[in-house]
Each structure stands twice: as C-alpha cells, then as structure tokens.
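*Asks:*
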Amino acid sequence: MLVLILSVLGITLFGQTEFEVKFKDLPKGTQKYVQKNYDGYTIYKAIQAENTKGKMTSCEVFVSKGTEKFRLIFDKDGEFVKKEIVTEQPKAPAAAAVPPPAAADTTKKK
Numbered sequence: 043m044l045v046l047i048l049s050v051l052g053i054t055l056f057g058q059t060e061f062e063v064k065f066k067d068l069p070k071g072t073q074k075y076v077q078k079n080y081d082g083y084t085i086y087k088a089i090q091a092e093n094t095k096g097k098m099t100s101c102e103v104f105v106s107k108g109t110e111k112f113r114l115i116f117d118k119d120g121e122f123v124k125k126e127i128v129t130e131q132p133k134a135p136a137a138a139a140v141p142p143p144a145a146a147d148t149t150k151k152k
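So, in structure tokens, the structure goes:
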C-alpha cells in the first residue's frame with residue numbers, strides 16, 4: 043500500500059521513480075496486449091517506472107471487470123511479464139462510539 047501511495051506521488055524508490063500516466067502514453071506493445079487480452083475490461087490506472095536517467099524500466103496497467111481486478115506488469119520494452127490479482131485491503135472496523143462522560147452534577151443538594 044505504501045509503495046502504491048508513493049508511486050502515485052512520483053516518489054523515488056530504489057533508484058527509480060514511479061508515476062501515473064495515461065494508458066495511451068505506454069508502449070504500443072503494452073497497449074496492444076491489453077486491448078487483445080483484456081477486451082471488455084476497464085483500464086482504471088497506468089503506472090510507469092523510470093530509472094534515474096529517465097529511461098522507462100517497467101509499467102503496470104490496472105484493469106477491472108465486475109469484481110475482477112488485475113495488475114498487469116510489463117518490462118521496459120512493453121512486453122508482458124505477469125498478472126497479479128488485486129485484492130482490496132479490508133477496511134478496519136469503525137471504532138465503537140464511546141459516549142462522552144456524563145456531566146457532573148453541580149447543583150447543591152439541600
């Protein structure tokens with residue numbers, strides 16, 4: 043999760059920078075692979091990684107269809123490497139509401 047947050051922000055990790063891009067800006071081979079093999083899926087995110095010299099080292103495309111979500115990973119040449127299932131992180135249960143302490147009775151008793 044932290045890596046994903048940092049990658050969206052374009053933070054440099056391990057000598058490379060990851061940032062979100064438009065799908066149409068990815069290598070043509072990546073685009074063709076996704077269009078051919080994931081027809082009918084929605085592309086909801088594309089990420090590109092570059093080394094310190096500004097050369098692309100890899101890219102990722104996130105696709106979904108119904109409840110299925112996949113992360114497709116490609117190498118520097120835009121060739122498919124692997125597919126990972128994207129699972130949603132379970133949301134932490136909401137903390138039980140604790141009522142505020144009762145106000146102290148400040149009236150004088152007779």
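So the sequence shown is numbered by our numbering: it starts at 43 and just counts up by one.
Glycine included, each C-beta is placed from N, C-alpha and C at the ideal position.
1. Of the choices V128, V63, G57, F61, whose alpha-carbon is the least far from that of K107?
2. List the whole-angstrom C-beta distance separating E121 from A91, where the pair is believed to meet the contact cut-off of C-beta under 8 Å.
3. Pick out whichever of K74, N79, I85 has its Cα sitting closest to the Cα of E62.
4. Ends of the alpha helix (DSSP H) at K78?
5. When you compare the CB positions of F112 and V105, do they come within less than 8 Å of one another, or not?
6. Locate the beta strand (DSSP E) running through T99, then write down its first and last residues.
7. Quick one, are the C-beta atoms of Q58 and T109 less than 8 Å apart?
8. If you run the structure through DSSP and keep just helix, strand and coil, what is D117?
9. CB-CB under 8 Å to K118, same chain, minus the five flanking residues each way: which ones, in chain order?
*Replies:* Well, looking at it:
1. V128
2. Between A91 and E121 the Cβ distance is about 15 Å, and since that is not below 8 Å, they are no contact.
3. I85
4. 70 to 79
5. yes
6. 98 to 107
7. no
8. strand
9. K97, M98, T99, S100
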